[in-house]
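Step one of this worksheet: look at the structure below.
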């Protein structure tokens, strides 16, 4: 059961705050979500200017193309550092790479935020590093339940993030929409297979969401807004159903008992 809880630099191209880097043959990968404000605050807190950061990345990490202008571009959000640049920037700013990343969205971004190497994740999952790397590159999780539990442990993933990176969130959303629009009791078991929450707690959450949805629809109609307003209100509720579900589940888990 799941539990809640220096490579070479990439080639830079003109016009994108990047400079040509002769000899670079690595395919460029999507950059992790970068928190520019945090990077700027950390640099200022250390009393460093963009030129000091650029110098440190060139001398200590071999990223000879990094200039003060590129550092400023990162901090303004007009450019984003790639994985190697993010690692070097974190080293110069005396922080963990995860501190410079916004909320992770993908398996790769969660790994970077946790500061764990591909080889270490692969070892925890019992996979060849190349097999795990292909999962990150394709965005398609192919592991089993045991490996999902190991993934949650090594990357310190909570249930919401675990379902997202293993591709189960769309299925959860589908089940929840059906639960709130029909008989919620019929969906306790299938939702429970996806989310290992105590049955009694899960029943309470689904019942509450069902009542919220039905009550919201009835209230919209009673205000004289008509069926079109009720339909729009219901659509917005259903679009946020996964977020509302986690709010309810985690709220129940953190609330004191009677």
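In the UniProt record's numbering, the protein residues as written are 1 to 258. Glycine included, each C-beta is placed from N, C-alpha and C at the ideal position. In this text, all values refer to a predicted model and were calculated from it rather than measured experimentally.
- Within the segment 172 to 236, the complete alpha helix (DSSP H) segments of 4 residues or longer fall at 188 to 194, 199 to 222, listed in chain order.
- As DSSP reads the structure, residue 101 sits in a beta bridge with 34.
- Contact between residue 92 and residue 131 does not hold, since their C-beta atoms are separated by about 33 Å, which reaches or exceeds 8 Å.
- Boundaries cannot be given for residue 46, as no alpha helix (DSSP H) includes it and DSSP labels it neither H nor E.
- In this structure the segment 30 to 50 lies against the segment 71 to 90, because at least three pairs of beta carbons, one per stretch, are closer than 8 Å.
- If you draw a straight line from the Cα of residue 141 to the Cα of residue 175, it is about 20 Å long.
- Inclusion of residue 114 and residue 156 in the CB contact set at 8 Å is warranted, their separation being smaller than that value.
- Annotation: residue 66 to residue 159 spans about 38 Å, alpha carbon to alpha carbon.
- Spanning the alpha carbons of residue 179 and residue 248 requires a straight line of approximately 15 Å.
- Counting along the chain, the unbroken alpha helix (DSSP H) around residue 131 starts and ends at 129 to 138.
- Residues of the same chain with a CB within less than 7 Å of the CB of residue 173, apart from the 5 flanking positions on each side, are 241, 242 in chain order.
- Each residue's CA atom was taken as its position, placing residue 145 and residue 197 some 15 Å apart.
- Using a Cβ-Cβ distance cut-off of 8 Å, the segment 66 to 75 and the segment 39 to 46 are in contact, since at least three pairs of beta carbons, one from each stretch, lie closer than that value.
- In terms of Cα proximity to residue 103, the closest of 154, 117, 161 is 161.
- Between residue 167 and residue 70, the alpha-carbon positions lie close to 35 Å from each other.
- Take residue 38, set aside five residues on each side of it, and the residues of its chain with a beta-carbon closer than 8 Å to its own are 99, 100, in chain order.
- Within the model, the alpha-carbon separation for residue 205 versus residue 245 is close to 7 Å.
- Burial check for residue 164: the Cβ neighbour count within 10 Å reaches 16 or more, so the residue is buried.
- Residue state for residue 64 is assigned as coil, using DSSP reduced to three classes.
- Distances from the alpha-carbon of residue 169 to those of 182, 154, 57, 193 put 193 closest.
- Spanning the alpha carbons of residue 54 and residue 151 requires a straight line of approximately 35 Å.
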